[in-house]
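Numbering (my numbering), first residue to last: 867 to 1180.
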């Protein structure tokens, strides 16, 4: 006979039920014990980290979010899908050499300038490349016209195979830029996000924006990143999102020594900076980070934030 469940187990049962309700989770009988085990381990990580943060050992906190039932391998397999471009070499003309004028402000936040986009959720489709490029182009439209438009991520997911992307299995910033330059983008309400890859429904007559070109920033150069965000607007950055602390980030200035700059696997939108941090928009819903944003420590190329940054020219 199974041994009776203790008070601790019953409390955990109740918290687990709350988690499933809050995040609308349903599991098969076979998968639930594995998901629950992952969730318990993540809950412990959050608790221990936040205790250390309360003692002044970290400048950021973690929390349970909709990914808290994932093991690290689940998370890496499903959520971080930025891949290398199939065309490795970039012409030097693609790389913009940034001048560094003295007039660059100490702090910039494009949200305070009116570029406010709702929290987004890529769900379990590896489409960070589509979200990052579409919102970056939206930012350029806003800077040029003052209008907020929502461009179609789904179009990029479904249709950018021709330039080497892999739908929900991932894509690259360069491949996506090449696709958008060639085809332009439709509106999200005409071609909405479905969280899966479907047949391409692009219609050239429905595109509302095209880009004339795109540029890469000098790699590993945070000063160039600062100048670009201040002068050009939000830029796409590639990030190492591997650490479990990244998956469970809540608020504060993120700094995990394990977030090395030797690899990148996730694309985000850099919307501004403070004296000590970069302000990054993510696609993991409002339950992740600060309403979908992260503050990432500046100055050490943490998580490879300056390895591969890009922007479009309308």
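Idealized CB from N, CA, C, for every residue including glycine.
Could you spell out where the beta strand (DSSP E) holding residue i opens and where it closes?
i: residue 1137; result: 1132 to 1139
i: residue 1044; result: From DSSP, residue 1044 is part of no beta strand (DSSP E) but of the alpha helix (DSSP H) over 1039 to 1049.
i: residue 1145; result: 1143 to 1147
i: residue 1116; result: 1115 to 1120
Residue i to residue j, Cα distance in whole Å?
i: residue 958; j: residue 1177; result: Its pLDDT being 47, under 50, residue 958 is placed unreliably in this model, and the value from its coordinates should be taken loosely. Using only the alpha carbons, I get a separation of about 15 Å.
i: residue 980; j: residue 1088; result: 24 Å
i: residue 949; j: residue 1037; result: 5 Å
i: residue 970; j: residue 1093; result: 7 Å
i: residue 998; j: residue 1103; result: 8 Å
i: residue 1086; j: residue 1170; result: 7 Å
i: residue 1030; j: residue 1021; result: 14 Å
i: residue 1109; j: residue 934; result: 13 Å
i: residue 1041; j: residue 1180; result: 17 Å
i: residue 894; j: residue 1162; result: 37 Å
i: residue 1167; j: residue 1122; result: 12 Å
i: residue 1070; j: residue 1026; result: 14 Å
i: residue 1107; j: residue 882; result: 26 Å
i: residue 1063; j: residue 1018; result: 13 Å
i: residue 902; j: residue 936; result: 9 Å
i: residue 1023; j: residue 1034; result: 7 Å
i: residue 820; j: residue 1111; result: The displayed coordinates of the chain run from 867 to 1180. Any statement about residue 820 would go beyond what the structure contains.
i: residue 1158; j: residue 968; result: 32 Å
i: residue 1005; j: residue 879; result: 44 Å
i: residue 1028; j: residue 1045; result: 8 Å
i: residue 1140; j: residue 931; result: 26 Å
i: residue 1007; j: residue 1014; result: 7 Å
i: residue 923; j: residue 1173; result: 28 Å
i: residue 1147; j: residue 1067; result: 27 Å
i: residue 1099; j: residue 1149; result: 19 Å
i: residue 1076; j: residue 1010; result: 13 Å
i: residue 945; j: residue 1113; result: 9 Å
For the ligand SAM, is there a heavy atom less than 7 Å away from the beta-carbon of residue i?
i: residue 1033; result: Summarising the ligand content, the structure contains no ligands, and the ligand SAM is consequently not present.
Using 10 angstroms around the beta-carbon of residue i, count the other beta-carbons present and answer buried if the total reaches 16, otherwise exposed.
i: residue 896; result: exposed
i: residue 1175; result: buried
i: residue 1129; result: exposed
i: residue 1097; result: exposed
i: residue 876; result: exposed
i: residue 1060; result: exposed
i: residue 953; result: With a pLDDT of only 48 at residue 953, under 50, the local geometry of the prediction cannot be trusted, and the value read off the model is given with reservation. Counting Cβ neighbours within 10 Å, residue 953 comes out exposed, since fewer than 16 surround it.
i: residue 890; result: exposed
i: residue 943; result: exposed
i: residue 973; result: exposed
i: residue 955; result: Because residue 955 carries a pLDDT of 49, less than 50, the predicted location of this residue cannot be relied on, and no value is offered for it.
i: residue 1000; result: buried
i: residue 1058; result: exposed
i: residue 984; result: exposed
i: residue 1155; result: buried
Between which two residues does the alpha helix (DSSP H) holding residue i run?
i: residue 903; result: 898 to 920
i: residue 886; result: 873 to 888
i: residue 940; result: 938 to 944
i: residue 1101; result: Looking at the DSSP string, residue 1101 is not in any alpha helix (DSSP H); the run it does join, the beta strand (DSSP E), is 1101 to 1105.
i: residue 927; result: Element bounds for residue 927: not the alpha helix (DSSP H) but the beta strand (DSSP E), 926 to 928.
i: residue 1160; result: Not the alpha helix (DSSP H): residue 1160 falls in the beta strand (DSSP E), residues 1159 to 1163.
i: residue 1024; result: 1019 to 1025
I believe residue i touches residue j by the beta-carbon criterion, under 8 Å. Please report the beta-carbon distance rounded to the nearest angstrom.
i: residue 1074; j: residue 1091; result: 29 Å between Cβ atoms; not a contact.
i: residue 1117; j: residue 926; result: 7 Å
i: residue 1138; j: residue 976; result: 5 Å
i: residue 1049; j: residue 1016; result: Contact flag wrong, Cβ pair sits at about 18 Å.
i: residue 928; j: residue 911; result: 7 Å
i: residue 1119; j: residue 1151; result: Actually they are not in contact, since the Cβ atoms of residue 1119 and residue 1151 sit about 21 Å apart, beyond 8 Å.
Using a Cβ distance threshold of 8 Å, determine whether the region 1109 to 1129 contacts the region 989 to 996, with at least three qualifying pairs required.
In short, these stretches do not touch, since the Cβ pair count stays below three.
Between the region 874 to 893 and the region 915 to 925, are three or more C-beta pairs nearer than 8 Å?
At 8 Å Cβ cutoff, the stretches do not touch.
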